[in-house]
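Beneath this line is the structure, given in structure tokens, with notes to follow.
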Amino acid sequence: MSGVRHVNKIPTIRGTDILRDARLNKGTAFTLEERQILGIHGLLPPCISTQEIQCQRVYAELHKKANDLQRYIQLMALLERNESLFFKLLMDHTEELMPIVYTPTVGLACQKYGVIFRKPRGLFVSINDLGHVEELLENWPVDDVKAIVVTDGERILGLGDLGCCGMGIPVGKLALYTVCSRIDPKVCLPVMIDVGTNNQTLLDDPLYIGVPQKRATGKPYDDLIDEFIQASEVIFAHQTLIMRNILTRELKPLFLIDSLQQDFKNLSPINHCCVYFIASNFKFQMQCIHIYGFLQGCPEVFECSTLVVAFRGGTASVTVAGVLAALRITKNKLADHNFLFQGAGEAAIGIADLLVLAMDRAVGGLNEQKLKYAHSMEHIRTLAEVVKKVKPTVIIGVAAVAGAFTEEIVKSMASFNERPVIFALSNPTSKAECTAEQAYTWTNGKAVFASGSPFSPVTLPDGRQFVPGQGNNSYIFPGVALGVIASKAQHVTDEMFLLAAESLADQVTSSQLEKGCLFPPLSDIREVSFRVAVDVVKLAYASGLATVHPEPSDKEQLVKENLYYPDYISYIPSTYAWPKQ
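In UniProt numbering, the protein residues as written are 1 to 581.
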């Protein structure tokens with residue numbers, strides 16, 4: 001974005017207050033005139049820097065840190081000190097710094113959250129605040145909130161229950177909203193709903209920052225979630241997109257999984273396609289929840305324009321995008337594949353549902369009976385035995401079982417597939433089912449591989465080089481969110497996530513596929529997100545869900561009007577002269 005932007009009026013806060021406000025602070029980049037007008041002259045070193053010089057300074061300091069956790073701590077400190085500089089730095093070095101701000105480093109940061117905690121960011125709603133949630137939301141200083149990411153900390157990546165320490169996920173995910181799709185950070189709100197934790201290590205830790213009690217369940221828990229969503233509607237008074245990372249409530253029971261016996265069930269054949277699920281560590285009745293609007297998830301007596309979306313939408317969409325891109329390598333149709341999932345949680349069900357929707361569109365409609373998760377098979381004790389019996393063409397790991405894709409399993413996949421598709425999607429890296437090097441080496445380069453965490457390029461002994469694609473849902477949810485915000489869509493639908501998957505897959509070039517990469521480089525992610533957002537806006541209008549009227553003829557311009565740029569703004573209003581008399 002070229003040219004210096006100016007405020008309409010000089011900020012009302014002055015002196016040290018403006019230096020303490022991360023959204024206003026520019027550090028040494030305040031001009032001499034700004035320093036004098038704002039009452040901060042003498043409170044800063046006399047050097048007047050550019051934002052580019054400031055970025056160089058911070059970037060150099062980052063590289064002096066010993067590890068990624070220390071770099072994460074430094075970046076979060078920068079976010080709390082100078083928001084514009086933080087996002088400028090991340091946009092300049094997206095591919096390098098995204099894995100630090102979000103997965104995989106954010107997982108370790110959440111585990112250490114009590115130790116590294118410096119300053120709160122976001123809103124904390126505890127079970128003790130039941131009945132007073134609206135009062136808490138009123139304390140948030142920004143009224144124009146358009147995107148909320150909320151977690152209850154029970155399911156953090158593949159790390160399980162981290163309680164209040166899971167706040168790193170909403171903070172990191174919303175940072176990616178801005179970095180990847182230029183959503184203004186001012187309209188983003190990270191929220192922790194703290195109902196306690198069943199992690200005894202945290203409960204015994206004097207540095208734990210959350211409510212020191214076992215998790216609340218049942219009606220108190222449900223009441224708190226409902227009250228939070230209703231209060232969000234009252235306080236923010238317009239369509240607000242809420243991305244949730246909480247365990248699914250009982251909406252659509254599918255089937256019972258006995259993890260001890262590794263019960264094995266599949267989806268009835270759709271044309272030639274089967275979808276199989278392997279339970280790994282689940283000891284409860286599986287629940288399936290589609291991407292849903294508020295009225296589907298909360299009491300019908302309360303009408304609300306707030307949009308509630310499960311995290312699984314982004315994961316499902318980016319996975320389907322990878323599968324669609326892989327079809328250009330395997331040279332067959334989606335319905336020709338057999339899919340085997342290691343894990344039967346919400347992520348696996350979400351991916352399967354979106355695959356079914358993609359096949360439904362491809363074949364022009366499916367018999368309802370073929371969509372039931374019903375058919376049982378005999379018990380099979382190991383994943384290796386399952387692979388040999390089912391002979392899947394695609395194997396997808398989403399159960400956070402490290403090393404689940406063993407050499408035996410991967411070689412078996414290569415024995416009956418010319419190009420076996422292997423997706424090791426569990427996060428963080430320590431939970432990956434296999435590494436990129438293992439997948440390519442064990443299959444002698446036949447594997448079409450993608451992972452949830454980043455892996456370095458792999459060179460085989462014969463000189464062939466492969467660039468593994470990272471199935472990061474950051475390719476999806478920021479663009480979908482931007483499209484929903486720009487169009488003010490009434491609902492977020494499965495079709496939007498399928499369209500996002502198709503849009504993402506279409507942006508993978510032939511040269512990238514030749515190297516085995518199923519996703520565009522992260523350095524292109526803002527362009528990717530922009531195209532996804534424009535496609536979502538077009539769909540929102542085509543399906544009658546958009547509420548920005550009259551409908552603009554230029555959908556790209558509508559999206560552009562909602563973009564954020566981290567360049568510093570001048571606090572001296574632009575002026576004009578009267579004509580000479």
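Beta carbons: idealized from backbone N, C-alpha and C, even for Gly.
- The beta carbon of SER126 lies closer than 6 Å to those of ASP194, VAL211 in the same chain, with the five residues before and after it left out.
- DSSP places ALA414 within a helical segment (H, G or I) once states are collapsed to three.
- The way I'd put it, the segment 526-534 does touch the segment 472-482; three or more beta-carbon pairs between them come closer than 8 Å.
- Judged by DSSP in its simplified three-state form, ASN139 adopts coil rather than helix or strand.
- For the 7 Å CB-CB criterion, PRO428 and THR151 do not form a contact.
- Rounded to whole angstroms, the separation of the alpha carbons of LEU189 and VAL171 is 8 Å.
- Remark: three or more beta-carbon pairs, one from each stretch, lie closer than 8 Å, so the segment 515-525 and the segment 77-96 are flagged as touching.
- MET167 has its alpha-carbon roughly 13 Å from the corresponding atom of MET243.
- In the DSSP secondary-structure assignment, HIS132 is not bridged to any residue.
- SER553 has its alpha-carbon roughly 14 Å from the corresponding atom of ASP535.
- Cβ atoms of PRO392 and ASN473 stay farther apart than 8 Å, at about 23 Å.
- Exclusion of the five residues before and after ASP205 leaves GLY114 as the residues of its chain whose Cβ lies within less than 8 Å of its Cβ.
- Note that the C-beta distance between GLU407 and TRP442 is below 7 Å.
- By the Cβ rule, the segment 16-34 counts as touching the segment 82-89, because three or more pairs are nearer than 8 Å.
- Under DSSP, ILE193 takes part in a beta bridge, and its partners are VAL125.
- Shown here, ASN332 sits in coil according to DSSP, grouped into three states, outside any helix or strand.
- In the structure shown, CYS164 falls within a helical segment according to DSSP collapsed to helix, strand and coil.
- DSSP places ASN67 in the coil class of the three-state scheme, outside both helix and strand.
- If only complete runs of 4 or more residues are kept, the segment 474-517 shows the alpha helix (DSSP H) at 477-487, 494-506, 510-514, in order along the chain.
- DSSP places LEU203 in the uninterrupted alpha helix (DSSP H) bounded by 200-203.
- In the structure shown, ILE422 adopts extended strand secondary structure according to DSSP, grouped into three states.
- When the five nearest sequence neighbours on each side are left out, the beta carbons in the same chain lying within less than 6 Å of the beta carbon of ALA400 are those of GLY158, SER426, LYS431, in order along the chain.
- Taking a contact as a CB-CB distance under 8 Å, the pair ILE422 and PHE449 counts as one, their CB atoms being some 5 Å apart.
- In terms of Cβ geometry, SER570 and HIS6 form a close pair [threshold 7 Å].
- Taking a C-beta distance under 7 Å as the contact criterion, LEU224 and PRO478 do not qualify as a contact pair.
- Rounded to the nearest whole angstrom, the C-alpha separation of ARG121 and ASP68 is 20 Å.
- Using a 10 angstroms sphere on the CB of VAL234, the tally of other CB atoms stays under 16, which defines it as exposed.
- A distance below 7 Å between beta-carbons, with the five flanking residues on each side excluded, links TYR568 to the following residues of its chain, in chain order: LYS26, ALA29, GLN51, SER84.
- The criterion of a C-beta distance shorter than 7 Å is satisfied by GLY452 and GLY471.
- Proximity to ARG14 across GLU34, GLU33, GLY39 peaks at GLY39, based on C-alpha coordinates.
- Remark: three or more beta-carbon pairs, one from each stretch, lie closer than 8 Å, so the segment 495-503 and the segment 318-328 are flagged as touching.
- Rounded to whole angstroms, the gap between the alpha carbons of GLU437 and LYS112 is 29 Å.
- By the CB criterion at 7 Å, THR197 and ASP143 fall outside the cutoff.
- For SER570, the pairing in a beta bridge is given by DSSP as HIS6.
- Under the three-state reduction of DSSP output, SER523 falls in the helix class.
- Closest option to MET192, judged by alpha-carbon separation, among SER574, LEU136, GLY218, VAL390: LEU136.
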